[in-house]
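Asker:
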Amino acid sequence: EEFNKLPFTTKTGNGTKLLADIQDKLAASLVRFKNVLDAVKDEVFQNENRFTTQTTLPHCCDKPGTYVYDPKFRKEVDFSTACVTKSPSSTSEAKYPHNTVSDIMKMQYDQNKNVLWQHYGTLEGVSIIYPSTYWNDCYNYDPRFRSPFAATASPKDKDVVILIDSSSSMKQISGVTSKSKMIIAKEAARTVIETLNPNDR
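Per UniProt numbering: the sequence shown = residues 1 to 201.
1) Can you give me the C-alpha to C-alpha distance between L123 and I129, rounded to a whole angstrom?
2) Under three-state DSSP, which class holds I162?
3) Going by alpha carbons, who is nearest to D137 out of L26, I183, Q111, P88?
4) Taking the beta strand (DSSP E) that Q118 falls in, what are its first and last residues?
5) Please report the distance separating the alpha-carbon of T56 from that of F145.
6) Cα separation between R50 and S80?
7) Assess, as a yes-or-no matter, whether the region 102-119 is touched by the region 163-177 under the definition of 3 or more beta carbon pairs within less than 8 Å.
8) Using the Cα positions of F33 and V40, report the straight-line distance between them to the nearest angstrom.
9) Have a look at T52, M107, L196 and flag the residue whose alpha-carbon is nearest the alpha-carbon of T91.
10) Excluding five sequence neighbours on each side, which residues of the same chain lie with their C-beta closer than 6 Å to the C-beta of K158?
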């Protein structure tokens, strides 16, 4: 009864119009996000021949320098630039994106603050991330083993079956590391699972 005593105003509205307004706003927001993706994609295509084995962009593995905590990103970041990583399995010939890709990512964020992390990964295992941030374990990061990359590289849905040998030979130490063959097999299976997209089985 106390709620009934509170002042209120009865509003009547057209549900169809309200739904249409929501749809229009969502559509406009998605178009703006697509424009961000297209701008980065166009910059990559235009400057791919300028990619080099050296970069002046900071490495995400480097200790924090001018990073400031941002509540939206929930991390310390540097909005002035992107940072780069290179997979430990990449060759020395792996090329880094040109600095203009970082510039475009920054411009897109300045124009649309709803955009969060921007990533671009190459087939060679190099990744550029905006805004720049410090990763504790970035030396083990490989964009090729992440589900967004795998879904783009192989867009068709996949049926996956993982079989692991459980014989006594799997307890032996691997010739590559000090880990047993079973541990390496489980890590490989986990990596495969992490690359699956929601429609894979």
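Just so it is clear, CB atoms sit at the ideal spot from N, CA and C, and this is done for glycine as well.
Bear in mind that the values here come from a model prediction, so they are computed numbers and not experimental data.
Answerer: Result, derived from the coordinates:
1) When rounded, the distance between both Cα atoms is 15 Å.
2) Shown here, I162 sits in coil according to DSSP, grouped into three states, outside any helix or strand.
3) Nearest C-alpha to D137 among L26, I183, Q111, P88: P88.
4) 118-121 is the extent of the beta strand (DSSP E) around Q118.
5) Straight-line Cα distance between these residues: approximately 25 Å.
6) In this structure, the alpha-carbon of R50 lies about 21 Å from that of S80.
7) The region 163-177, when compared against the region 102-119, does not touch it at the 8 Å Cβ threshold.
8) The alpha-carbon of F33 is positioned some 11 Å away from that of V40.
9) Nearest of T52, M107, L196 to T91, Cα basis: T52.
10) Non-local beta-carbon contacts of K158 in its own chain, meaning distances under 6 Å to residues more than five positions away in sequence, involve D200 in chain order.
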